[in-house]
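J.:
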Amino acid sequence: MKTKEITLKLKFNRHQAAALLAVFFLAWHPAFLGSETLTLTTYYPAPYGGYVSLLTTQQTLLARDSGNVGIRTGAVLPRRPLDVGGEIVATNRITMAQDMGTASRTWHLDNSAGTFRIFDQPNISTVGTERFTINSLGNANHGGNLNMSRNGAAITGTNMSISGLCYWRAMSGSGWSYCAAGENLVSTNFSTWTSEWTCIGRGLANSPTATMCAQGVKTTGVSGSMLCCRIQ
5 MKTKEITLKL
15 KFNRHQAAAL
25 LAVFFLAWHP
35 AFLGSETLTL
45 TTYYPAPYGG
55 YVSLLTTQQT
65 LLARDSGNVG
75 IRTGAVLPRR
85 PLDVGGEIVA
95 TNRITMAQDM
105 GTASRTWHLD
115 NSAGTFRIFD
125 QPNISTVGTE
135 RFTINSLGNA
145 NHGGNLNMSR
155 NGAAITGTNM
165 SISGLCYWRA
175 MSGSGWSYCA
185 AGENLVSTNF
195 STWTSEWTCI
205 GRGLANSPTA
215 TMCAQGVKTT
225 GVSGSMLCCR
235 IQ
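Taking the numbering used here, the leading residue of the sequence shown gets 5, the next gets one more, and so forth.
Structure representation (structure tokens):
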């Protein structure tokens, strides 16, 4: 009995061979391997679709040229380049830059050993100046000139201006003049004065007129202003 040998030849060009190998490796499931590793190099967000879990280990660019990124915004489209629905946790600090450069001034929110700080830097690479702090006891400090503790406050400096604390209220005519609600009278400043009169003679309580009256040297205020302040 004669045996015939049949030789089957398949001919593929380079593109067809690459496609066939890609299908083979994607469909092949080696049973002896306990895990699989797939390296996918692509321009995110292509391929389009939803990801249950996504891990990146190096530089990652999201919405690089346009568009916004939303985190836990649900079906609502993100309103800004980064829109987060929920709490944000940042270790060390949050930096706010003026632009994408490295030479402009930056502002920072910082948690330093339990103390909340606001400080600025001449640029993102240079040590800055602390402007405002609140420590764990609730004591606040603003630039070293304003210190407010739970028990009081201290303001230091030679050039200070406080508005809305005290007002001059007019007082004139008969009857009483009053400060506004919540204000206390601190001082008075009379602008019109008159001399007091001194009367002698019979007891004024028993007679409608006195024997003699003369204008004295003592003066009393007639009209002026009251300094009313919101001080307790």
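All C-beta atoms in this analysis are idealised placements derived from N, C-alpha and C, irrespective of residue type, glycine included.
1. Quick check on this structure: which residue in A101, N115 and S116 has the alpha carbon closest to the alpha carbon of R109?
2. To the nearest whole angstrom, what separates the beta carbons of N143 and R135, a pair I think is in contact under 8 Å?
3. Looking only at its chain, what residues have a beta carbon closer than 8 Å to the beta carbon of R84, apart from the 5 residues adjacent to it on each side?
4. Let me know the secondary structure DSSP gives L25 once reduced to three states.
5. Tell me which residues share the same chain as N127 and place their Cβ nearer than 8 Å to its Cβ, disregarding the 5 neighbours each side in the sequence.
6. What separation, rounded to the nearest whole angstrom, lies between the Cα atoms of V80 and G90?
7. Going by other Cβ atoms of all chains shown within 10 Å of its Cβ, with 16 needed for buried, is N96 buried or exposed?
8. Please name the residue in S70, G132, F120 and Q63 whose C-alpha comes closest to that of A94.
9. According to DSSP, simplified to helix, strand and coil, what is Q20?
10. L86 by DSSP, collapsed to three states: which one?
11. Going by C-alpha to C-alpha distance, which of S178, M164, Y182 and S165 sits closest to W172?
12. Find out if the Cβ-Cβ distance for the pair N188, C233 is shorter than 8 Å.
T.: According to the data block:
1. By 1-based counting over the sequence shown, the position of residue 109 is 105. Looking at the Cα atoms, A101 is the closest of the given residues.
2. For the purposes of this step, residue 143 is taken as the residue at position 139 of the sequence shown. For the purposes of this step, residue 135 is taken as the residue at position 131 of the sequence shown. Between R135 and N143 the Cβ distance is about 16 Å, and since that is not below 8 Å, they are no contact.
3. Taking the first residue of the sequence shown as 1, we reach residue 84 at position 80. Closer than 8 Å at the Cβ level, and outside the excluded window around R84, lie N72.
4. For the purposes of this step, residue 25 is taken as residue 21 along the sequence shown, with counting starting at 1. Reduced to three states, the DSSP call for L25 is helix.
5. Walking along the sequence shown from the start, residue 127 turns up at place 123. T106, A107, S108, R109 and T110, listed in sequence order.
6. Position 76 of the sequence shown, counted from the start, is the residue given in the question as residue 80. Position 86 of the sequence shown, counted from the start, is the residue given in the question as residue 90. Rounded to the nearest angstrom, the two C-alpha atoms are 14 Å apart.
7. Here the question's residue 96 lines up with position 92 in the sequence shown. So N96 counts as exposed.
8. As a first step, residue 94 must be located in the sequence shown, where it is residue number 90. Nearest option by C-alpha distance: F120.
9. Walking along the sequence shown from the start, residue 20 turns up at place 16. Q20 falls in the helix class under three-state DSSP.
10. Here residue 86 refers to the residue found at position 82 of the sequence shown. Of the three classes helix, strand and coil, the one that applies to L86 here is strand, per DSSP.
11. Numbered from its first residue, the sequence shown carries residue 172 at position 168. Comparing Cα-Cα distances from W172 to each of S178, M164, Y182 and S165, the minimum goes to Y182.
12. The residue labelled residue 188 in the question sits at position 184 within the sequence shown. The residue labelled residue 233 in the question sits at position 229 within the sequence shown. Contact flag set, yes.
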